[in-house]
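Chains as they are written, first to last, in the numbering used here: chain A, 11 to 282; chain B, 42 to 295.
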């Protein structure tokens, strides 16, 4: 070892280019992150008899519990059950982008250290795993919506909504992965933040007109991201302003993610 | 034709000593108070692990890295692999890279066989190519029934066998091997050497880092002695080992 210095070394321009190229290669390696993501979810339940069915059962139990308390949160909504079955998984998706995104690179340390595959694969893999989890949670929605008869033609609107959340998810993983490796308190902080936002965002409570116009909802980015997916799921049209704001949030997150990832990439391995 | 070139590369890594260096809140407090609060992330020290190394390996060349602990061997291997990006200088690689570096990158709860499949998939193999690579590794590592046991039950020698078998089964053009291979027994090391020579005869490149003369001579025809992140000597393996041994004697380490 030699020559201690106290300044972070400057990063050469071609290194930035390499990092950007690496993200593209990672996004295109769908076969790798797709299988790894499914494996992540299966691995979580490897030693259980019910396996990933636990995800679906847990969700059903949670929805049933909240439904029993429906008079507190949604006295007037006749389709509260569908609302919950659409809302909770979608919230879970958004929250896992933030929480798992912060841990995505730290968790993959062993593989990052051992194999020269594009590091961003581990970020994309965590986003894909969130969707695999989401698919398990949506099973409850399908059952409930069929039972309540709330499946509507507006459901097609869910596709662009999911695309927006996907852009947000990839952006969040690229942004929070390197930051979470550099700053170890980001993981716990984001888990705490997600818990707080779960209560503040209209996830399990149905907002009235007055609440929608309150700053807590109006300036809450998660509200817009949630709404673009949830509204079509419960048979409602998404307001154009909500589309616009959600898209802008997703694009801003992706831009921030690209900037942070490209700048931090060369140093991240050392901080893992 | 495989080629591996480093041009004046440097790698500097941060020395992490306190939790406040890794805290987002401490960093925010520090920048908002102009460094008076939060311990100041600007106090992080950086160590130059590799400083201005240039080399160009061409097809068929087998390099052996030697140097004392902390001299930069592993960092240099990780730079070659592309796991670390150089903070200065350039790296140019033609050909695919397979490596057996520290840590092995195995999932300890999975069986040896499941890990082999996972590694093959992470490298983008599937279908018959995946099956071929796994079959080849199974045969080469000679772990037999142990392949059905979780990897956490393996000894370090067995882990080394598994990783080496998988890394070479991928038919990579460039093989990078850290000193973990030294945990293998002599019979396995001889087998590993034959394999590395075979890869190099198909216009590949191999680089091995080790403290053992036996391993260095077996694997390599060129030697590189690195000290304090800088190249001390590069040339025919026997000459470099002799120079390095002389240096160790002069400072009383052997």
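Cβ coordinates follow ideal geometry from the N, Cα and C atoms, glycine included. All values derive from a computational prediction rather than experimental measurement.
Own chain, CB closer than 8 Å to residue i, minus 5 neighbours either side, in chain order
| i | result |
| --- | --- |
| residue 283 of chain A | Coverage of chain A is limited to positions 11 through 282, which leaves residue 283 of chain A absent and any answer about it impossible. |
| residue 128 of chain B | 51, 52 and 53 |
| residue 66 of chain A | 146, 147, 149 and 150 |
| residue 115 of chain A | 122, 129, 132, 133, 187, 188, 190, 191, 278 and 282 |
| residue 226 of chain B | 198 |
| residue 171 of chain B | 158, 161 and 162 |
| residue 158 of chain A | 89, 91 and 92 |
Chain A contact residues for residue i, given Cβ-Cβ distances below 9 Å
| i | result |
| --- | --- |
| residue 162 of chain B | 41, 42, 45, 46 and 49 |
Other residues of its chain near residue i: CB distance less than 7 Å, five sequence neighbours each side excluded
| i | result |
| --- | --- |
| residue 81 of chain B | With a pLDDT of only 47 at residue 81 of chain B, under the threshold of 50, the placement of this residue in the model should not be trusted; the figure read from the coordinates follows. Only 71 meet the Cβ criterion. |
| residue 182 of chain A | 107, 108, 111, 263 and 267 |
| residue 70 of chain A | 150 |
| residue 94 of chain A | 73, 76, 77 and 214 |
Contact set for residue i: own chain, Cβ-Cβ below 6 Å, skip 5 residues either direction
| i | result |
| --- | --- |
| residue 166 of chain B | 174 |
| residue 55 of chain B | 85 and 87 |
| residue 141 of chain B | 204, 205, 208 and 218 |
| residue 268 of chain B | 108 and 112 |
| residue 61 of chain A | 55 |
| residue 26 of chain A | 272 |
| residue 259 of chain B | 234 |
Per DSSP, the bridge partner or partners of residue i
| i | result |
| --- | --- |
| residue 110 of chain B | In the DSSP output, where bridge partners are listed per residue, residue 110 of chain B has none listed. |
| residue 243 of chain B | None, per the DSSP bridge assignment. |
| residue 216 of chain B | B/139 and B/247 |
| residue 86 of chain B | B/56 |
| residue 268 of chain B | B/271 |
| residue 235 of chain B | Paired residue(s): none; residue 235 of chain B is not in a bridge. |
| residue 277 of chain B | B/263 |
| residue 94 of chain B | B/50 |
| residue 45 of chain B | B/98 and B/134 |
| residue 104 of chain B | B/248 and B/263 |
Buried or exposed (CB count within 10 angstroms, at least 16 for buried), residue i
| i | result |
| --- | --- |
| residue 280 of chain A | buried |
| residue 211 of chain B | buried |
| residue 114 of chain B | buried |
| residue 289 of chain B | exposed |
| residue 153 of chain B | buried |
| residue 202 of chain B | buried |
| residue 278 of chain B | buried |
| residue 101 of chain A | buried |
| residue 35 of chain A | exposed |
| residue 153 of chain A | exposed |
| residue 49 of chain B | exposed |
| residue 233 of chain A | buried |
| residue 60 of chain B | exposed |
| residue 144 of chain A | buried |
| residue 102 of chain B | buried |
| residue 229 of chain A | exposed |
Length of the line joining the Cα atoms of residue i and residue j
| i | j | result |
| --- | --- | --- |
| residue 90 of chain B | residue 111 of chain B | 8 Å |
| residue 130 of chain A | residue 162 of chain A | 38 Å |
| residue 32 of chain A | residue 156 of chain B | 25 Å |
| residue 82 of chain A | residue 204 of chain A | 22 Å |
| residue 194 of chain B | residue 215 of chain B | 30 Å |
| residue 49 of chain A | residue 180 of chain A | 19 Å |
| residue 123 of chain B | residue 95 of chain B | 15 Å |
| residue 245 of chain A | residue 170 of chain A | 15 Å |
| residue 227 of chain A | residue 202 of chain A | 19 Å |
| residue 195 of chain A | residue 66 of chain B | 8 Å |
| residue 46 of chain B | residue 240 of chain B | 19 Å |
| residue 118 of chain B | residue 185 of chain A | 28 Å |
| residue 139 of chain A | residue 251 of chain B | 39 Å |
| residue 131 of chain B | residue 125 of chain B | 12 Å |
| residue 286 of chain B | residue 256 of chain B | 15 Å |
| residue 46 of chain A | residue 53 of chain A | 10 Å |
| residue 284 of chain B | residue 93 of chain B | 21 Å |
| residue 275 of chain A | residue 265 of chain A | 15 Å |
| residue 150 of chain B | residue 186 of chain B | 16 Å |
9 Å Cβ cut-off: residues of chain B touching residue i
| i | result |
| --- | --- |
| residue 103 of chain A | By Cβ distance, chain B contributes nothing, its closest Cβ being about 24 Å from residue 103 of chain A, past 9 Å. |
| residue 199 of chain A | 65 and 66 |
Any non-hydrogen atom of the ligand SAM within 7 Å of residue i CB
| i | result |
| --- | --- |
| residue 163 of chain B | As far as ligands go, the structure on display features none, and thus does not contain the ligand SAM. |
Cross-chain neighbours of residue i in chain B, by beta carbon under 7 Å
| i | result |
| --- | --- |
| residue 196 of chain A | 65 |
Neighbouring residues, chain A, relative to residue i (Cβ below 7 Å)
| i | result |
| --- | --- |
| residue 123 of chain B | 126 |
| residue 126 of chain B | 25, 28, 275 and 276 |
| residue 68 of chain B | 193 |
| residue 156 of chain B | Residues of chain A passing the Cβ test: none, with the nearest at roughly 11 Å. |
| residue 138 of chain B | 126 |
Chain B residues whose Cβ lies nearer than 8 Å to that of residue i
| i | result |
| --- | --- |
| residue 280 of chain A | 54, 55 and 125 |
Proximal chain A residues relative to residue i, where beta-carbon distance stays under 8 Å
| i | result |
| --- | --- |
| residue 142 of chain B | 123 and 124 |
| residue 167 of chain B | 41 |
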